[in-house]
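**Q**
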Amino acid sequence: MPAISPSVAAILGAGVSAAVVAMALRSRARRQAREAATLREELARERSSRAESQAAENARQQALFENMLEGVLLLDGGGRVQFTNTACRRFFDLEADVRGRTLLEAFRCNELSAVAVEAARAGRVNGREIELDGGEEARLLQVNAVALAGPEGRSDGILMVLHDATRLRQLESTRRDFVANVSHELRTPLSLIKGSVETLLDGAASQPAVASRFLDIIDRHCDRLTFLIEDLLTLSRLESGQLAINFDTVPLNGHVSEVFDDFHRKAAERGVRLLNEVPEGLRARADSDRLDQVLSNLIDNAIKYGRPGGSVRVEAREGEPGEWIEMAVVDDGPGIPTEAAERVFERFYRVDTARSREQGGTGLGLSIVKHIIQAHGGEVRLETAPGKGAAFRFTLPAVPPPPTGK
Ligand code: ADP
Numbered sequence: 064m065p066a067i068s069p070s071v072a073a074i075l076g077a078g079v080s081a082a083v084v085a086m087a088l089r090s091r092a093r094r095q096a097r098e099a100a101t102l103r104e105e106l107a108r109e110r111s112s113r114a115e116s117q118a119a120e121n122a123r124q125q126a127l128f129e130n131m132l133e134g135v136l137l138l139d140g141g142g143r144v145q146f147t148n149t150a151c152r153r154f155f156d157l158e159a160d161v162r163g164r165t166l167l168e169a170f171r172c173n174e175l176s177a178v179a180v181e182a183a184r185a186g187r188v189n190g191r192e193i194e195l196d197g198g199e200e201a202r203l204l205q206v207n208a209v210a211l212a213g214p215e216g217r218s219d220g221i222l223m224v225l226h227d228a229t230r231l232r233q234l235e236s237t238r239r240d241f242v243a244n245v246s247h248e249l250r251t252p253l254s255l256i257k258g259s260v261e262t263l264l265d266g267a268a269s270q271p272a273v274a275s276r277f278l279d280i281i282d283r284h285c286d287r288l289t290f291l292i293e294d295l296l297t298l299s300r301l302e303s304g305q306l307a308i309n310f311d312t313v314p315l316n317g318h319v320s321e322v323f324d325d326f327h328r329k330a331a332e333r334g335v336r337l338l339n340e341v342p343e344g345l346r347a348r349a350d351s352d353r354l355d356q357v358l359s360n361l362i363d364n365a366i367k368y369g370r371p372g373g374s375v376r377v378e379a380r381e382g383e384p385g386e387w388i389e390m391a392v393v394d395d396g397p398g399i400p401t402e403a404a405e406r407v408f409e410r411f412y413r414v415d416t417a418r419s420r421e422q423g424g425t426g427l428g429l430s431i432v433k434h435i436i437q438a439h440g441g442e443v444r445l446e447t448a449p450g451k452g453a454a455f456r457f458t459l460p461a462v463p464p465p466p467t468g469k
């Protein structure tokens, strides 16, 4: 029997039996035990829900790090790798788990180790560029690093974020080349125009035969500048997606005949025969004006660079019915050397620069052709061999067959 408290003694004193008191005490103990159990359950529930939300938060963070394009690398206070995300491992072609290794052991990259040392000393490093020698394709990484401070200013490791700047560098170099090329292309005709004007001003204007020669130079080079600017504008609109492709049903044989009409004179001057071998009735889904531009560029080139007295053929065939059409502009000229064949679609690339300029070429025609065909969802390729002519083949969407009735 537990010790009797003064209040219980008072009850006993008031004539309540000991059995009743014992019952009251047991009931109170049971109630307290129930309350304690409920409290424990609530605590357990709360703990498990906290663990669940912590796990969900961890999973979210993991997904975030794993899906980042930037590489993330965390070193602990002792300079050992604590965490790397997928992008970081991919940049360095790491397959094994490198946790617990030193930075140099894990990455074998002196520049990266140097960034870590500097971040530990200075607190942070911004935008340090590291070049990785990746065999075929060298990679440029931009690294930001920050030293993490623990309690009482102790070093708690280093966090590094690595950004792949390879594409950015390529774009920058393409832009620089482009500006250099355009400047060069503009300067040449401008200096010829300026030289001719000066000669005329110096007195040549009074000698009709000489004057007409210089006026002819001015006229030709003004045309060249106009073509260049038109081609540049077309290319820029195509590349920025500003030039909408208005798909229509184009009957190909008639279309080729119309384009040929613009070239009969030029072809006749070089004794070149123009042959339209596109089957009647063949149609494509294409933008008629843009297709005009493609054919004009290819036919113009075939006449210019093909064989004097030779022929230029345009042919077409249906590929997968209702899926695509393949067209080709074929000449029987000297063709294009193999090493140049891969590059002719690049902007400003010419096999024979002097010849192209003399013919009023801008070096942009095939690049425009490629963009237009790609904007149609097609592809263009060149088949050629030295002395065996050149065939520029491209695909276009076909007109889908009419739906069959039930
Ligand atoms: P261009 O304005 O110089 O003609 P293009 O981009 O149209 O520029 O062509 C690029 C180069 O490809 C030309 O300078 C020429 O050297 C070469 N080329 C194009 N078509 C032919 C062809 N049918 N035969 C031989 N060479 C060609």
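Just so we're aligned, residue 64 is where the sequence shown starts under the working numbering, counting upward by one.
From the three backbone atoms N, C-alpha and C, an ideal C-beta is built for every residue, glycine too.
Just so you know, these numbers come straight off a predicted model, no measurement behind them.
1) Does ligand 1 have a heavy atom nearer than 7 Å to the CB of residue 419?
2) Measuring CB to CB, does residue 210 end up less than 8 Å from residue 186?
3) May I ask you to verify whether the segment 279-294 touches the segment 248-266, counting CB pairs closer than 8 Å and requiring at least 3?
4) Going by beta carbon distance, what residues of the same chain come within less than 8 Å of residue 144, once the five residues before and after it are set aside?
5) So, is residue 252 buried or exposed, given that buried needs 16 or more other C-beta atoms within 10 angstroms?
6) Within 10 angstroms of the Cβ of residue 108, are there 16 or more other Cβ atoms? Answer buried if so, exposed if not.
7) Taking only the alpha-carbon atoms, compute the straight-line gap between residue 159 and residue 151 and give it to the nearest angstrom.
8) Tell me which same chain residues have a C-beta within less than 7 Å of the C-beta of residue 469, skipping the five on either side of it?
9) If you pair each beta-carbon of the segment 349-357 with each one of the segment 405-422, do three or more pairs fall below 8 Å?
10) Using 8 Å for Cβ pairs, my map puts residue 369 next to residue 396. What's the rounded Cβ distance?
11) Tell me whether residue 251, by its Cβ, gets closer than 7 Å to a heavy atom of ligand 1.
12) Using 7 Å as the cut-off, classify the Cβ of residue 365 as near or not near the heavy atoms of ligand 1, replying yes or no.
13) Would you say residue 394 touches ligand 1, meaning its beta carbon is less than 7 Å from a heavy atom?
14) Residue range of the alpha helix (DSSP H) that residue 252 falls in?
15) Less than 8 Å separating the beta-carbons of residue 315 and residue 347?
16) For residue 297, name the three-state secondary structure that DSSP assigns.
17) Among all the DSSP beta bridges, which residues are the ones paired with residue 309?
18) Taking 7 Å as the cut-off, is the CB of residue 369 close to at least one heavy atom of ligand 1?
19) For the beta strand (DSSP E) holding residue 132, just list the boundary residues, first then last.
20) With distance defined between alpha-carbon atoms, name the residue in 456, 240, 266 and 277 nearest to residue 254.
21) Please classify residue 83: is it buried, with 16 or more other beta-carbons within 10 angstroms of its beta-carbon, or exposed?
22) Restricting to Cα atoms, I'd like to know which of 193, 443 and 410 is closest to residue 295.
23) Keeping to the same chain, check which residues put their C-beta closer than 6 Å to that of residue 459; ignore five residues upstream and five downstream.
24) In whole angstroms, what separates the C-alpha of residue 148 from that of residue 351?
25) Buried or exposed for residue 401, going by 16 or more other Cβ atoms inside 10 Å?
26) Kindly indicate which residue of 93, 462, 102 and 437 has the alpha-carbon position closest to the one of residue 344.
27) Give me the Cα-Cα distance between residue 466 and residue 457, rounded to the nearest whole angstrom.
28) Given residue 310, which residues of its chain have a CB within under 6 Å of its CB, disregarding the five upstream and five downstream residues?
29) Helix, strand or coil, according to DSSP, for residue 358 in the structure here?
30) Determine, using beta carbons only, whether residue 392 and residue 362 come nearer to each other than 8 Å.
31) Which residues mark the beginning and the end of the beta strand (DSSP E) in which residue 444 is found?
32) Note down the Cα distance separating residue 213 from residue 304, rounded to an integer number of angstroms.
33) Is it true that the CB of residue 228 sits closer than 8 Å to the CB of residue 264?
34) Would you say the beta carbon of residue 413 comes nearer than 7 Å to a heavy atom of ligand 1?
35) Out of curiosity, what's the CA-to-CA distance linking residue 266 and residue 337?
**A** Well, looking at it:
1) For ligand 1, at least one heavy atom lies less than 7 Å from the Cβ of residue 419.
2) One thing to note: residue 210 has its Cβ within 8 Å of the Cβ of residue 186.
3) Three or more Cβ pairs drawn from the segment 279-294 and the segment 248-266 lie within less than 8 Å of each other, which places the two stretches in contact.
4) Apart from sequence neighbours up to five positions away, the residues of its chain that approach residue 144 with a beta-carbon distance below 8 Å are 136, 137, 138, 161, 162, 163, 164, 165, 166 and 169, ordered along the chain.
5) Its Cβ being crowded by 16 or more others within 10 Å, residue 252 is buried.
6) The residue in question, residue 108, is exposed, as its Cβ has fewer than 16 Cβ neighbours within 10 Å.
7) Whole-angstrom Cα-Cα distance: 13 Å.
8) For residue 469, the predicted structure reports a pLDDT of 49, less than 50, and the residue's modelled location is therefore unreliable. A value from the coordinates is still provided. Excluding residues up to 5 positions away in sequence, nothing lies with its Cβ nearer than 7 Å to the Cβ of residue 469 in the same chain.
9) Flag = no, the segment 349-357 and the segment 405-422 do not touch.
10) The pair is a contact, with the Cβ atoms about 3 Å apart (cut-off 8 Å).
11) Distances from the CB of residue 251 to the heavy atoms of ligand 1 are all 7 Å or more.
12) Because some heavy atom of ligand 1 lies under 7 Å away, the Cβ of residue 365 counts as near it: yes.
13) Yes, the beta carbon of residue 394 sits closer than 7 Å to at least one heavy atom of ligand 1.
14) Residues 229-264.
15) Residue 347 sits close to residue 315, with the two beta carbons spaced by under 8 Å.
16) For residue 297, the secondary structure class from DSSP, reduced to helix, strand or coil, is helix.
17) As DSSP reads the structure, residue 309 sits in no beta bridge.
18) Answer for residue 369: yes, Cβ within range of ligand 1.
19) Note, residue 132: premise wrong, no beta strand (DSSP E); not H, not E.
20) It is 277 whose Cα lies nearest to the Cα of residue 254.
21) Burial state of residue 83 is exposed, judged by a 10 Å Cβ sphere holding fewer than 16 other Cβ atoms.
22) Relative to residue 295, the option among 193, 443 and 410 whose CA is nearest is 410.
23) Excluding residues within five positions, the ones whose Cβ falls inside 6 Å are 347, 349, 388, 439 and 441.
24) Residue 148 and residue 351 have their C-alpha atoms spaced approximately 50 Å apart.
25) Label assigned to residue 401: exposed.
26) Selected option, being the one with the closest Cα: 462.
27) Cα to Cα, the separation comes out at about 27 Å.
28) Closer than 6 Å at Cβ, skipping near neighbours: 348.
29) Note: residue 358 maps to helix in three-state DSSP.
30) Taking 8 Å as the Cβ cut-off, residue 392 and residue 362 qualify as a contacting pair.
31) That run of the beta strand (DSSP E) goes 443-447.
32) A direct Cα-to-Cα measurement between residue 213 and residue 304 gives close to 51 Å.
33) Using a Cβ distance threshold of 8 Å, residue 264 and residue 228 do not count as a contacting pair.
34) Between ligand 1 and residue 413, a heavy atom-to-CB distance of less than 7 Å is present.
35) When rounded, the separation of the alpha-carbon atoms in residue 266 and residue 337 is 45 Å.
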